[in-house]
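S.K.: Chains as they are written, first to last, in numbering that gives the first Met the number 0: chain A, 0 to 263; chain B, 0 to 635. Dropping the structure in here first, questions after.
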Amino acid sequence: MDRLDRLEAQSVYILREAYAAASPLAALWSIGKDSNVVIWLARKAFFGRVPFPVVQLDTGMELDEVYAYRDQYTKEWDLDLVVIDCPPESEMDPDLPPMTRSAARKSAGLAKLLDGDAYKGIIVGIRRDEEATRAKERVFSPRALSGAWEFRDQPPEFWDQYTTDTPEGAHLRIHPLLHWTEVDIWHYSQRENIPINPLYFAQEGKRYRSLGEKNITAPIDSNAATIDEIITELETTRSPERAGRLMDTEAEDSFERLRTSGYM
Amino acid sequence: MPNDTAIQMNELRAGTTSGDLMRVVIVGHVDHGKSTLVGRMFHDTGQLPDGKLEAIQEMCRRRGMPFEWAFLMDSLKAERDQGVTIDTSQIWFRHNARQYVIIDAPGHREFIRNMVTGASNADAAMLMIDADQGVRRQSRHHSYLLQLLGVREVAVAVNKMDLVDYDEARFRQIETEYKSYLEGIGIQARRVIPISAREGDNVATASDRMSWYDGPSVIETMAEFELPESPVDRPLRLPLQDVYKFDDRRILAGRIESGRLHVGDELVFSPSNRTARIASIESWNTGEPATTASAEQSVGITLDEQIFVERGEVASHVSDAPIETDVFHLRLFWLADTPLEVGKTYGLKIGPRHLNATIERIERVIDVEALSDHEATKVSRDEIAEVVVRTNQLVAIDNHDNLPRTGRVIVYDRHITLAGGIVSMGSYPDQREQITIRSSNLTEVDHGVDNTRRAARNRHQPGVLWFTGLSGAGKSTLAMALEHRLFDEGYQVYVLDGDNVRTGLNANLGFSPEDRAENIRRVGEVAALLSDAGLIVITAFISPYRADRDRAREAGGDSFREIYIKADVATCESRDPKGLYKRARAGEIQEFTGISAPYEEPTDPELIVDTSDKDIESCLDELVAYVKANFAVTAK
């Protein structure tokens, strides 16, 4: 088994545990490169089908190519798509810095999805190497009803034994890509021939390294127009993947605050 | 750039498909410099991302403190504000051809469960010791936990050598003390390295301040670490996660924990003991269907027969199947605030299998400081102990020494993980042989003579009087005397004991745990047959295990009576009619019940005859009265 085989086998194991233990189950699909891999891995785990709904938390602010990708592959992959309209920015905590407030709409959309105990498990395609508080996540992360992350008191998790039981009203965030890196995602997408949103490829010296809402995400300078070129770029760059995600760096703990209050 | 930049370390990875991936956890006592070492490694190998150094400087400046490398890993604001690592973190790192995941584990006593979480994912460990403070509690506790978690590659970094003037004598003192401790728990440290993480001595480059040390640096030592071997050549274990029926295929899904399988192999599923052959290996988007799969792969298989199996069963080859048992030893690390209690029932997870288990007894609590044992009635948080657990159903497991991945369990209560533990059977037998019915073409034949007629002629009901108790409690003496008395009173009665079964019926059995269990199983079956023939059968065997006696009860049916011939170990030892206790104490007999192997007292026997304070005659009278009251046919 090579590196990608091991990553895949571990993720498939996690997805099958989730499907067996957390019902009803749904996966968040931001339609970016990571959650596309999650969908792909689910098809691996369940032999061609995704046996649970995939949910887009829609702010209405995604780039056009994102919506196009969603519509095309919902049909081709026979997905049970659920679109949640995120509450407007005016309803967000006014104490948050402006761009963080905009990002908080997704947490609010997720809360809306979970309202009334609709789901026991939510699959989210975050990775430890993306961001430092995500590096501290568990594979199965129990969340209070509010979605809050009790990062000071996380359960132990070892030997691939996950917390699958939750108190009444709480839910589980399940993170099948936690052990992957950004380059892993590209190598795997290439090996598996997963369709790539053209926004990731450079046009006129710019490409999106990480996709977010158009008002709070910026493309990076790049000439990488193929997966191979992206991989080469990533192997030499010293700037962070989420550098274009402007809400992360508004304050020392702005992303931590987003995450502890329920952001993915 | 905002002047208050959050730290991100996402970019710290590269070349992920070339070379191997080694996961190294940094552990040790709080404040011995774990997070500092990680920061320093990144800096000294030129892998800090752009802006990171400046961001850390800025965070330190705002807090009015000197530069703090630990801020690279301590990503939570609470961690930076309090200067302590709360939860484990991971960071990617590359040096020469090898890629590493560095796992930072908290050293504070309060966060042991987070340390366990981090360390359980590691292939190797770097243990940090403060040269000034020396070996401390968590230095020992963490290394013991590494041993239980199965991390075998270990090196030691003696840090803060700058605080002891780079003194070789101080280093050698710690090296000797700690190495001897590690050897005591079965860990061979690959290297012991004197370093100063703050100053960079022996982190990535050799230190000219410690010319007396000519060994490798931390980075060079990490390059020496070897990845654990994948258990592909071990016996096959495929615990089932689920059975899918999405279309016309019925697919059994799971991850192969060890061994390999091929299409056409005959599998046995434990503990249901059903068998079938592999018809196909199923997958999606892989081109040609595979005909073989091996350890670490998540697979789906279909079978040639539609047998009923479910999540939690373990598939293996027939010839090398897991142990089936409902009782075993567990060496566990207790993580919960509420202590473990004897007699309490907890949840147990063995791979994907969930079931209930009762803590039967605590054998010892291990003091990780002194490596001594003591008896206890409870196990408190952060303690390590050996216990005996009894499950409410048969489970398929392995000895951890033999197959670690299927020889470890989690103890939980509702949604809270309380402990992890590794399994050993000790003297408990594999019960697989006792429950497997091999013949499938059996038809019951009606007897021409029914039990009522036999009882009428014998003038008593048939029965199995199952004597159990320690060696020297008086089982054989009482059995023979009772046989004599009953026979004289006209009963059809017979004694089964070691002498008459071991020489013939069971002559092919030795004294392994499995053979002892089989010995008792056969006695139980023969007793049942003789009782069916109308006799009163008295058996005189220690039969120390509840599971064995329960099986004899099942064979004997309504006529079975469990009679506890009771005397404590001290009394039996003072009698010692065959000199066995003396030999057991001298170590000449291994696994001697009451001395070096457990005796499981009956929980609900029909009769208890206490021989410690009564003479033989009065015990005998008790037994005769019991038989008359229970088996005599009064109505003629």
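Yeah, the Cβ is synthetic: ideal placement off N, Cα and C, and Gly gets one too.
(1) Do A102 (chain A) and M91 (chain A) have their C-beta atoms closer together than 7 Å?
(2) Have a look at E130 (chain A) and V364 (chain B) and give me their C-alpha separation to the nearest angstrom.
(3) Between W148 (chain A) and D252 (chain A), what straight-line distance do the alpha-carbon atoms span, to the nearest angstrom?
(4) For E61 (chain A), is the classification buried or exposed, using 16 other Cβ atoms within 10 angstroms of its Cβ as the cut-off for buried?
(5) For W68 (chain B) and chain A, any beta-carbon pair shorter than 7 Å?
(6) Spatial neighbours of A188 (chain B) within its chain, please: C-beta separation below 7 Å, excluding the five flanking residues on both sides.
(7) By a C-beta neighbour count over all protein chains shown, 10 Å radius and 16 as the cutoff for buried, is T231 (chain A) buried or exposed?
(8) Once DSSP output is grouped into helix, strand and coil, what is the label at Q89 (chain B)?
(9) Please check if any C-beta of chain B sits within less than 7 Å of the C-beta of G160 (chain A).
(10) Which class does E281 (chain B) belong to by DSSP, given the choice of helix, strand or coil?
(11) Which class does K377 (chain B) belong to by DSSP, given the choice of helix, strand or coil?
(12) With a cut-off of 7 Å, does the C-beta of G47 (chain A) fall near any C-beta of chain B?
(13) Taking the C-alpha atoms as reference points, what is the distance between T16 (chain B) and K51 (chain B)?
(14) For E255 (chain A), decide whether its Cβ has a neighbour in chain B, counting only Cβ atoms nearer than 7 Å.
(15) Spatial neighbours of T274 (chain B) within its chain, please: CB distance less than 7 Å, with the 5 preceding and 5 following residues excluded, ordered by chain position.
(16) Spell out whether any CB of chain B is found under 7 Å from the CB atom of P194 (chain A).
(17) Taking R360 (chain B) as the query, report the chain A residues whose CB atoms sit under 7 Å from its CB, ordered along the chain.
(18) The alpha helix (DSSP H) that contains R197 (chain B), what's its start and end?
(19) Can V123 (chain A) and R172 (chain A) be called in contact, C-beta distance under 7 Å?
(20) Determine the chain A residues that contact W283 (chain B) at a beta-carbon separation under 7 Å, and present them in chain order.
(21) Given K119 (chain A), which residues of its chain have a CB within under 8 Å of its CB, disregarding the five upstream and five downstream residues?
(22) Please identify the residue among B:H373, B:I85, B:R389, B:V100 whose C-alpha is closest to the C-alpha of D19 (chain B).
(23) Per DSSP, which one or two residues make a beta bridge with V394 (chain B)?
(24) May I ask which residues mark the beginning and end of the beta strand (DSSP E) holding T116 (chain B)?
(25) State yes or no: is the C-beta of V26 (chain B) within less than 7 Å of the C-beta of A124 (chain B)?
(26) Taking the beta strand (DSSP E) that P512 (chain B) belongs to, which residues open and close that run?
(27) Going straight from the alpha carbon of D1 (chain A) to that of G311 (chain B), what length do you get?
(28) For chain A, is any of its Cβ atoms less than 7 Å away from the one on H28 (chain B)?
(29) Measure the alpha-carbon distance for T467 (chain B) versus I541 (chain B) and round it to whole angstroms.
(30) Using 7 Å as the threshold, is the C-beta distance between P234 (chain B) and S269 (chain B) below it?
(31) Please determine, among B:G533, B:N355, B:P543, B:A532, the residue with the shortest C-alpha to C-alpha distance to R520 (chain B).
(32) Would you tell me roughly how many angstroms separate the C-alpha atoms of M8 (chain B) and R79 (chain B), rounded to the nearest one?
(33) Just the Cα atoms here: how many angstroms apart are R407 (chain B) and D30 (chain B)?
(34) Taking the Cβ atom as the reference point for each residue, do I218 (chain B) and A205 (chain B) lie within a distance shorter than 7 Å?
(35) Taking A395 (chain B) as the query, report the chain A residues whose CB atoms sit under 8 Å from its CB, ordered along the chain.
(36) Would you say K703 (chain B) faces chain A, with C-beta separation under 7 Å as the test?
M.R.: Short version:
(1) Start at 1 with the first residue of the first sequence, and residue 102 (chain A) comes out as number 103. Start at 1 with the first residue of the first sequence, and residue 91 (chain A) comes out as number 92. Contact flag unset, no.
(2) For the purposes of this step, residue 130 (chain A) is taken as the residue at position 131 of the first sequence. For the purposes of this step, residue 364 (chain B) is taken as the residue at position 365 of the second sequence. Their backbone Cα atoms lie some 41 Å apart in a straight line.
(3) Here residue 148 (chain A) refers to the residue found at position 149 of the first sequence. Here residue 252 (chain A) refers to the residue found at position 253 of the first sequence. Each residue's CA atom was taken as its position, placing W148 (chain A) and D252 (chain A) some 14 Å apart.
(4) Numbered from 1 along the first sequence, position 62 holds the residue referred to as residue 61 (chain A). E61 (chain A) should be labelled buried.
(5) Walking along the second sequence from the start, residue 68 (chain B) turns up at place 69. Not a single C-beta of chain A is nearer than 7 Å to the C-beta of W68 (chain B).
(6) Numbered from 1 along the second sequence, position 189 holds the residue referred to as residue 188 (chain B). For A188 (chain B), where only same-chain residues beyond five positions count, the Cβ hits under 7 Å are V153, A154, V155, K178, L181.
(7) In the first sequence, residue 231 (chain A) corresponds to position 232, counting from 1. By the neighbour-count rule (16 or more Cβ atoms within 10 Å), T231 (chain A) is not buried but exposed.
(8) Translated into positions along the second sequence, residue 89 (chain B) becomes position 90. Taken through DSSP and simplified to helix, strand or coil, Q89 (chain B) comes out as strand.
(9) Within the first sequence, residue 160 (chain A) is the residue found at index 161, counting from 1. Before going further, note that residue 160 (chain A) is Gln rather than Gly in the sequence given. Contact with chain B is found for Q160 (chain A), since one of that chain's Cβ atoms lies less than 7 Å from the residue's Cβ.
(10) The sequence position of residue 281 (chain B) within the second sequence is 282, counting from 1. When DSSP states are grouped into helix, strand and coil, E281 (chain B) belongs to the strand group.
(11) Indexing the second sequence from 1 puts residue 377 (chain B) at position 378. Here K377 (chain B) sits in strand by DSSP.
(12) Counted from its first residue, the first sequence places residue 47 (chain A) at position 48. Yes, G47 (chain A) counts as interfacial toward chain B.
(13) Residue mapping note: residue 16 (chain B) aligns to position 17 of the second sequence, counting from 1. Residue mapping note: residue 51 (chain B) aligns to position 52 of the second sequence, counting from 1. Note that T16 (chain B) has pLDDT 43, beneath the 50 cutoff, so the model's placement of it is unreliable and no number is given.
(14) As a position in the first sequence, residue 255 (chain A) is number 256, starting the count at 1. Interface residue, yes.
(15) By 1-based counting over the second sequence, the position of residue 274 (chain B) is 275. If we look at T274 (chain B) and ignore the five residues flanking it on each side, its Cβ neighbours are E265, L266, V267, V317.
(16) Taking the first sequence and counting its residues from 1, one reaches residue 194 (chain A) at position 195. Residue contact with chain B for P194 (chain A): absent (no Cβ-Cβ distance below 7 Å to any residue of chain B).
(17) Taking the first residue of the second sequence as 1, we reach residue 360 (chain B) at position 361. Going along chain A, no residue has its Cβ under 7 Å from R360 (chain B), so there is no contact; the nearest lies around 25 Å.
(18) As a first step, residue 197 (chain B) must be located in the second sequence, where it is residue number 198. That residue, R197 (chain B), is in no alpha helix (DSSP H); it is neither H nor E in DSSP.
(19) As a first step, residue 123 (chain A) is located in the first sequence; it is residue number 124 there, counting from the start. As a first step, residue 172 (chain A) is located in the first sequence; it is residue number 173 there, counting from the start. A distance below 7 Å separates the beta carbons of V123 (chain A) and R172 (chain A).
(20) Residue numbering aside, residue 283 (chain B) sits at position 284 when the second sequence is read from its first letter. Those within 7 Å of W283 (chain B) in chain A are R42, K43, F46, G47.
(21) Here residue 119 (chain A) refers to the residue found at position 120 when the first sequence is read from its first residue. Within its own chain, the residues whose Cβ lies closer than 8 Å to the Cβ of K119 (chain A), once the five positions on either side in sequence are excluded, are A21, S22, P23, L24, T165, H170, L171, listed in chain order.
(22) As a first step, residue 19 (chain B) must be located in the second sequence, where it is residue number 20. Per the Cα distances, B:V100.
(23) As a position in the second sequence, residue 394 (chain B) is number 395, starting the count at 1. Beta-bridge analysis with DSSP links V394 (chain B) to B:T324.
(24) Your numbering for residue 116 (chain B) matches position 117 in the second sequence. Per DSSP, T116 (chain B) belongs to no beta strand (DSSP E); it is in the alpha helix (DSSP H), 111–118.
(25) For this step, residue 26 (chain B) is matched to residue 27 along the second sequence. For this step, residue 124 (chain B) is matched to residue 125 along the second sequence. A distance below 7 Å separates the beta carbons of V26 (chain B) and A124 (chain B).
(26) For the purposes of this step, residue 512 (chain B) is taken as residue 513 along the second sequence, with counting starting at 1. Per DSSP, P512 (chain B) belongs to no beta strand (DSSP E); it is in the alpha helix (DSSP H), 512–531.
(27) Start at 1 with the first residue of the first sequence, and residue 1 (chain A) comes out as number 2. Start at 1 with the first residue of the second sequence, and residue 311 (chain B) comes out as number 312. Going by the C-alpha atoms only, they are around 28 Å apart.
(28) As a working mapping, residue 28 (chain B) is identified with position 29 in the second sequence. Residue-level contact by beta carbon fails for H28 (chain B) and chain A, as no gap is shorter than 7 Å.
(29) Residue 467 (chain B) sits at position 468 when you count from the first residue of the second sequence. Residue 541 (chain B) sits at position 542 when you count from the first residue of the second sequence. It is roughly 5 Å from the alpha-carbon of T467 (chain B) to the alpha-carbon of I541 (chain B).
(30) For the purposes of this step, residue 234 (chain B) is identified with residue 235 of the second sequence, where counting begins at 1. For the purposes of this step, residue 269 (chain B) is identified with residue 270 of the second sequence, where counting begins at 1. Not closer than 7 Å, so no.
(31) By one-based count along the second sequence, residue 520 (chain B) stands at place 521. It is B:P543.
(32) The sequence position of residue 8 (chain B) within the second sequence is 9, counting from 1. The sequence position of residue 79 (chain B) within the second sequence is 80, counting from 1. With a pLDDT of only 37 at M8 (chain B), under 50, the local geometry of the prediction cannot be trusted, and the value read off the model is given with reservation. Their Cα atoms are separated by approximately 16 Å.
(33) Indexing the second sequence from 1 puts residue 407 (chain B) at position 408. Indexing the second sequence from 1 puts residue 30 (chain B) at position 31. A straight line joining the alpha-carbon of R407 (chain B) with that of D30 (chain B) spans about 31 Å.
(34) Residue numbering aside, residue 218 (chain B) sits at position 219 when the second sequence is read from its first letter. Residue numbering aside, residue 205 (chain B) sits at position 206 when the second sequence is read from its first letter. Their beta carbons are not under 7 Å apart, which means I218 (chain B) does not touch A205 (chain B) by this criterion.
(35) For the purposes of this step, residue 395 (chain B) is taken as residue 396 along the second sequence, with counting starting at 1. Neighbours of A395 (chain B) on chain A: none; closest Cβ ~16 Å, over 8 Å.
(36) Here chain B covers residues 0 to 635 and nothing more, so residue 703 (chain B) does not appear.
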